[in-house]
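*Asks:*
Number of protein chains: 2
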Amino acid sequence: MYEGAVQDLIDELGRLPGVGPKSAQRIAFHLLAADPVDVRRLADALTEVKARVRFCDVCGNVTEEETCRVCRDPRRSPAVICVVEEPKDVVAIERTREFRGKYHVLGGAINPIENVGPDDLRIAELMTRLADGTVQEVILAMDPNVEGEATATYLSRMLGPMGLRVTRLASGLPVGGDLEYADEVTLGRAFEGRRLVSG
Amino acid sequence: MYEGAVQDLIDELGRLPGVGPKSAQRIAFHLLAADPVDVRRLADALTEVKARVRFCDVCGNVTEEETCRVCRDPRRSPAVICVVEEPKDVVAIERTREFRGKYHVLGGAINPIENVGPDDLRIAELMTRLADGTVQEVILAMDPNVEGEATATYLSRMLGPMGLRVTRLASGLPVGGDLEYADEVTLGRAFEGRRLVSG
Numbered sequence: 001m002y003e004g005a006v007q008d009l010i011d012e013l014g015r016l017p018g019v020g021p022k023s024a025q026r027i028a029f030h031l032l033a034a035d036p037v038d039v040r041r042l043a044d045a046l047t048e049v050k051a052r053v054r055f056c057d058v059c060g061n062v063t064e065e066e067t068c069r070v071c072r073d074p075r076r077s078p079a080v081i082c083v084v085e086e087p088k089d090v091v092a093i094e095r096t097r098e099f100r101g102k103y104h105v106l107g108g109a110i111n112p113i114e115n116v117g118p119d120d121l122r123i124a125e126l127m128t129r130l131a132d133g134t135v136q137e138v139i140l141a142m143d144p145n146v147e148g149e150a151t152a153t154y155l156s157r158m159l160g161p162m163g164l165r166v167t168r169l170a171s172g173l174p175v176g177g178d179l180e181y182a183d184e185v186t187l188g189r190a191f192e193g194r195r196l197v198s199g
Numbered sequence: 001m002y003e004g005a006v007q008d009l010i011d012e013l014g015r016l017p018g019v020g021p022k023s024a025q026r027i028a029f030h031l032l033a034a035d036p037v038d039v040r041r042l043a044d045a046l047t048e049v050k051a052r053v054r055f056c057d058v059c060g061n062v063t064e065e066e067t068c069r070v071c072r073d074p075r076r077s078p079a080v081i082c083v084v085e086e087p088k089d090v091v092a093i094e095r096t097r098e099f100r101g102k103y104h105v106l107g108g109a110i111n112p113i114e115n116v117g118p119d120d121l122r123i124a125e126l127m128t129r130l131a132d133g134t135v136q137e138v139i140l141a142m143d144p145n146v147e148g149e150a151t152a153t154y155l156s157r158m159l160g161p162m163g164l165r166v167t168r169l170a171s172g173l174p175v176g177g178d179l180e181y182a183d184e185v186t187l188g189r190a191f192e193g194r195r196l197v198s199g
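Chains W and B are the protein sequences, given in the same order.
Residue 95 in full-length UniProt numbering sits at position 95 of the first sequence; the count goes up by one each step and never skips.
Residue 51 in full-length UniProt numbering sits at position 51 of the second sequence; the count goes up by one each step and never skips.
#1: Put W/Y103 into one of helix, strand or coil per three-state DSSP.
#2: When burial is assigned at 16 or more other CB atoms within 10 Å of the CB, is B/D132 buried or exposed?
#3: I'd like the span of the alpha helix (DSSP H) that includes residue 204 of chain B, first residue to last.
#4: Roughly how many whole angstroms lie between the Cα atoms of B/A33 and W/D38?
#5: Ends of the alpha helix (DSSP H) at W/L140?
#6: Where W/G148 and W/P21 are concerned, what is the direct C-alpha to C-alpha distance, given to the nearest angstrom?
#7: Given a cut-off of 8 angstroms, decide if B/M142 and B/T151 are closer than it, judged by their beta-carbon atoms.
#8: One question on the structure: do W/F191 and W/L164 come within less than 8 angstroms of each other, judged by their Cβ atoms?
#9: Short of 8 angstroms in beta carbon distance, which residues of its chain neighbour B/E184, apart from the five on each side in sequence? Order them along the chain.
#10: How is the beta strand (DSSP E) around W/R165 delimited, first residue to last?
#11: Note the first and the last residue of the continuous beta strand (DSSP E) segment covering B/C59.
#12: Just the Cα atoms here: how many angstroms apart are W/D11 and W/L106?
#13: When DSSP labels each residue in this structure, what does W/C82 get in the three-state scheme?
#14: Mind pulling the chain W residues with CB within less than 7 angstroms of B/R26?
#15: So which residues of chain B does W/K50 contact, with C-beta pairs closer than 7 angstroms?
#16: Do residue 208 of chain W and B/A5 have their CB atoms nearer than 8 angstroms?
#17: Let me see if you follow: with CB-CB separation under 8 angstroms, is W/P87 close to chain B or not?
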């Protein structure tokens, strides 16, 4: 429809999640009219994020170092690991200031429709972290939806025989939603009220 | 909230129109997990669009040459000019295949709240194009909203004394909306049924 570079940009923007063709066009024309310095900054931010950001060797969270900020922090208890699906869940939980342990980011949830099985998640890495006996509690903080529940059930079965305390976040989170959309208070209360699954 | 480069990207994405903080975060994490080649392509598309795309010297439409595709096309009649607010309106009208004349892109509409007056639009350029008597009809194709109506009224008063045919798109366009959201059939019919304002 448009000439070369404009259409290329609309096409690329349209591939982003939640950006339909009309939004892509709107964003493209906004950028066409925008200060070149601002557009350059967005292009640089994209390049930088791929060049500098990696996943923490220990927990799988995003970081620019070998290990993430939480894993490096000596004030955080290594005795409790909170298992989440995605790095953005770490940010949501950190916002509550309720949790002072470490994290483990699975990189998703079990989802047969999308062909995501346990082997596609960082479960083996979690098991390795639990081997030396430092960890006493594992908090399962998956999203309160079907995939999250399936993943939590799978993990609680695997962790059950290991003699650890395994807990789930309290219900109170709105069912069917994403953890990241919960407000701080709700999420904080869900943390406080977490229930024992085994151990 | 996040470490350096991730937060920088979220901030930059959040400045785009229609992209809230949650969407910005979602897009950033999508890009973190995406193929670096895809992200590079988006970054390049941004850089390219600013480097290559400019506004047509004649009509103000977007182009990668000195003049746009429509202005260069010898099969398009120079006797009819369709005046629109934005380049995306050109695309919307081209899609109807109803119009075989040329365009003039104002670069916006009169909007006192946003401090956009007639002098901020490409009205002087339009007058220059009308000077040699080639143009016999000017079609005012502003958005059917308050700003568009105000701009059309202003232009029809300026053009009235020039002895040209001045027309407006037929009503039939949903009032209060944006021209770009009209479907092809509606917009095509609005073209056919355009009414004479003066001349």
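Heads up, the beta-carbon is just placed ideally off N, CA and C, and yes, glycines get one too.
Quick caveat, the model's predicted, so the values are computed rather than measured.
*Replies:* Let me lay it out:
#1: Three-state DSSP puts W/Y103 in a strand.
#2: Exposed.
#3: Because chain B spans 1 through 199 in this model, residue 204 of chain B falls outside it and cannot be assessed.
#4: Our two residues, B/A33 and W/D38, have alpha carbons roughly 24 angstroms apart in a direct line.
#5: Segment E137 to L140 is the beta strand (DSSP E) holding W/L140; no alpha helix (DSSP H) there.
#6: If you draw a straight line from the Cα of W/G148 to the Cα of W/P21, it is about 31 angstroms long.
#7: Taking 8 angstroms as the Cβ cut-off, B/T151 and B/M142 qualify as a contacting pair.
#8: Taking a C-beta distance under 8 angstroms as the contact criterion, W/F191 and W/L164 do not qualify as a contact pair.
#9: Counting only Cβ-Cβ distances below 8 angstroms, and skipping sequence neighbours, we find R95 and T96.
#10: R165 to R168 is the span of the beta strand (DSSP E), which, as asked, contains W/R165.
#11: It is not in any beta strand (DSSP E) - B/C59 carries neither H nor E in the DSSP assignment.
#12: Rounded to the nearest whole angstrom, the C-alpha separation of W/D11 and W/L106 is 31 angstroms.
#13: DSSP places W/C82 in strand when its eight states are reduced to three.
#14: The answer, in chain order, is P17 and G18.
#15: Chain-ordered, the chain B residues with CB closer than 7 angstroms to the CB of W/K50 read P36 and V39.
#16: Examination of residue 208 of chain W is not possible in this model, given that chain W is present from 1 through 199 alone.
#17: Yes, because at least one Cβ of chain B sits closer than 8 angstroms to the Cβ of W/P87.
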